[in-house]
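Chemist:
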Amino acid sequence: MSDKTNQELEDTLRNALSGLTETQKDLAVKEYKKYWSELEIPFSLKEGLSRYKKNELDNIRRHLQLKGISNLRKEELISFYQEKIPELLESICLRFDEERFGLLVKIARKGGSIPAPDLEIEQIIYLRATGLVYSGIYQGEKILSLPEELVAPILKLNDNLQVRSIVKRNTDWIKLTRGLLYYYGTLSVTQLEKMLETYTKEQLDLKDYFEVIYEANVYQEEMYSDREGFSHWRVINPKKVKLEHKQRNNLQFFPYTKEQLLRAGEPDYLERNQSYMHLVQYLTRNYEMDKEEADEIVEECVYATLIGDELGEVIDYLSKVIELESMESVQQLTDYVVNLMNNTKQWFLKGFSPIEIREKSESELHPLVKAKKNSPIPTENKKVGRNEPCPCGSGKKYKKCCGR
């Protein structure tokens, strides 16, 4: 690749980083060059490893959990990896899901190189740390490549039904876990284990499970763990979520189907129900923004609801990102937000929405957010009789409480 092409890529990157200081730009460009330098293909495993600095070779050692080699010099590490990585290929792949294994197979089927897909930098770092995948620029284009001696073994693994079965199992573990945390927020290890065994109809091997989940989360961070258990990455206070669950002991977790959880376990999943889309449409109709901008705003309203923010706090957030010109516009917006909050599946409510809770008429239930009467937007709920007990658990009749 010519110096001119290198300079063009650097200039493009600097323009994309226009909001940063010069020091930050320099660091970003340096990091970019580290992962996207010129790469000649095909190449051997030794040639690929030789491109790495000692600290990157150490990353491979840590990722593969190899002991007793931390004192080896660069040349010695490369020689060691030349033998060890092909030996470990199958065991590495047995911790992959269908996305990562499928990426390896796709590269192998294309002869060892493909145009680089749109991946986060953390995902590139992860792939490089496996010792299997190498990133670079070839003829002015970003590529992902495999050492030539790994191409045939990867294709052979893809023909192995047992390997593919384990990769499918891993995929289900990852997606089900993410889906459960998307709807419930935080779960203990015991709760997760029990739920996963219910959905998979198999006893969970915790050692294998933790290894698979840990690697999946390094590749793409969608959750985290602490003393409370596992949490969705947007959960701010896992302890509070667990406390809210405990206070509703008589309420079972919402019974999602396996298919619903697998869908919710996709990266960056967000449930966009009718009330969500109504608010998006209201914003695009009444304010100068496109659908993508409106969607981002409504998404933040959903997550504010999930962490327990009250109606006033959500409206306060909206007042900072859009201009509310009159009390009439505030009230109209509030009606849409109330409808959104009441129809949002919530962590504190064990995956139920307030509307669904009201329909269940349980004594300990969470009150609905109160909206202005004669709301102009359609709702997605059945009405509670005015003389029935209020779903908020106050003990009063609905007409004397939330129905006023």
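Residue numbering for the sequence shown follows my numbering, beginning at 15 and increasing consecutively. Even for Gly, the Cβ is constructed at its ideal location relative to N, Cα and C. None of these values were measured; they are calculated from a predicted model.
Using the C-alpha atoms, what's the distance from Leu338 back to Leu347?
Modeler: Whole-angstrom Cα-Cα distance: 9 Å.
Chemist: For Arg75, which residues in the same chain have their Cβ closer than 8 Å to its Cβ, ignoring the five residues on either side in sequence?
Modeler: Cβ neighbours of Arg75 beyond the five flanking positions: Ile83, Ser84, Leu91.
Chemist: Can you look up Asp173 in the DSSP assignment and give me helix, strand or coil?
Modeler: The answer is coil: DSSP assigns Asp173 none of H, G, I, E or B.
Chemist: Here's a check: name, in chain order, each residue in its chain whose Cβ is nearer than 6 Å to the Cβ of Leu63, leaving out the five neighbours to either side.
Modeler: So the qualifying residues of the chain are Ile92, Tyr95.
Chemist: Along the chain, where does the beta strand (DSSP E) that runs through Pro252 open and close?
Modeler: That residue, Pro252, is in no beta strand (DSSP E); its alpha helix (DSSP H) goes 252-260.
Chemist: Are the beta-carbon atoms belonging to Phe267 and Leu195 less than 8 Å from one another?
Modeler: Against a cut-off of 8 Å, the Cβ pair of Leu195 and Phe267 comes out as no contact.
Chemist: Below 8 Å on the Cβ atoms is my contact criterion, and I expect Val344 with Leu293 to pass it. Report the Cβ-Cβ distance as a whole number of Å.
Modeler: Actually they do not touch by this definition, with Cβ atoms about 14 Å apart.
Chemist: Which residues in the same chain as Glu229 place their Cβ atom closer than 7 Å to its Cβ, once the five residues preceding and following it in sequence are excluded?
Modeler: The residues are Arg109.
Chemist: Please report the straight-line C-alpha distance between Lys374 and Glu207, rounded to a whole angstrom.
Modeler: So the two alpha carbons sit approximately 27 Å from each other.
Chemist: With 16 as the cutoff for other CB atoms within 10 Å, does Gly193 come out buried or exposed?
Modeler: By the neighbour-count rule (16 or more Cβ atoms within 10 Å), Gly193 is buried.
Chemist: Would you mind stating whether Ala122 and Leu160 have Cβ atoms separated by less than 8 Å?
Modeler: Yes. Within cutoff.
Chemist: Using a Cβ-Cβ cutoff of less than 7 Å, which residues in the same chain neighbour Glu211 once the five nearest sequence positions on both sides are dropped?
Modeler: Closer than 7 Å at the Cβ level, and outside the excluded window around Glu211, lie Gln217, Leu218.
Chemist: What number of angstroms, rounded off, separates the C-alpha of Val255 from the C-alpha of His246?
Modeler: Distance between the alpha carbons of Val255 and His246 is about 11 Å.
Chemist: Alpha carbon to alpha carbon, how far is Lys124 from Asn172? Give it in angstroms, no decimals.
Modeler: Their backbone Cα atoms lie some 14 Å apart in a straight line.
Chemist: I'd like to confirm the pairing. Which residues does DSSP put opposite Asp240 in its beta bridges?
Modeler: Asp240 pairs with Gly243.
Chemist: In chain order, which continuous runs of the beta strand (DSSP E) of length 3 or greater are located wholly inside the stretch 115-139?
Modeler: Complete beta strand (DSSP E) runs here, min 3: 127-129.
Chemist: Does Glu155 come out as helix, strand or coil in the three-state DSSP assignment?
Modeler: Residue state, collapsed to three classes: strand.
Chemist: Output the boundary residues of the alpha helix (DSSP H) element that contains Arg277.
Modeler: From DSSP, the alpha helix (DSSP H) with Arg277 extends over 272-278.
Chemist: Could you name the residues of the same chain whose beta carbon sits closer than 7 Å to that of Trp50, not counting the 5 residues immediately before and after it, in chain order?
Modeler: For Trp50, where only same-chain residues beyond five positions count, the Cβ hits under 7 Å are Ser149, Gly150, Ile151, Lys156.
Chemist: What does the alpha-carbon distance come out to for the pair Leu141 and Asn300?
Modeler: Cα-Cα distance, rounded: 45 Å.
Chemist: For Leu201, which beta-bridge partners are listed by DSSP?
Modeler: DSSP lists Phe244 as partners of Leu201.
Chemist: Exposed or buried, which one is Gln234 when buried takes at least 16 other CB atoms within 10 Å?
Modeler: Result: buried.
Chemist: Kindly indicate which three-state DSSP category Ser149 falls into: helix, strand or coil?
Modeler: Three-state DSSP puts Ser149 in a strand.
Chemist: Quick one: what does DSSP say Glu163 is sitting in, helix, strand or coil?
Modeler: The answer is helix: DSSP assigns Glu163 an H, G or I state.
Chemist: Measure the CB-CB distance between Leu297 and Gln360 and report whether it falls below 8 Å.
Modeler: In this structure, Gln360 does not lie closer than 8 Å to Leu297 by Cβ.
Chemist: Would you kindly work out how many angstroms separate the C-alpha atoms of Arg372 and Glu285, rounded to a whole number?
Modeler: The straight-line gap from Cα to Cα measures roughly 20 Å.
Chemist: Taking buried to mean at least 16 other C-beta atoms within 10 Å of its own C-beta, is Met341 buried or exposed?
Modeler: So Met341 counts as exposed.
Chemist: Taking 8 Å as the threshold, find out whether the stretch 164-171 comes into contact with the stretch 322-333 through three or more Cβ pairs.
Modeler: Touching, no, given that fewer than three Cβ pairs across the two stretches are closer than 8 Å.
Chemist: When burial is assigned at 16 or more other CB atoms within 10 Å of the CB, is Lys396 buried or exposed?
Modeler: With a pLDDT of 42 at Lys396, under the threshold of 50, the predicted position of this residue should be treated as unreliable, and no value is reported.
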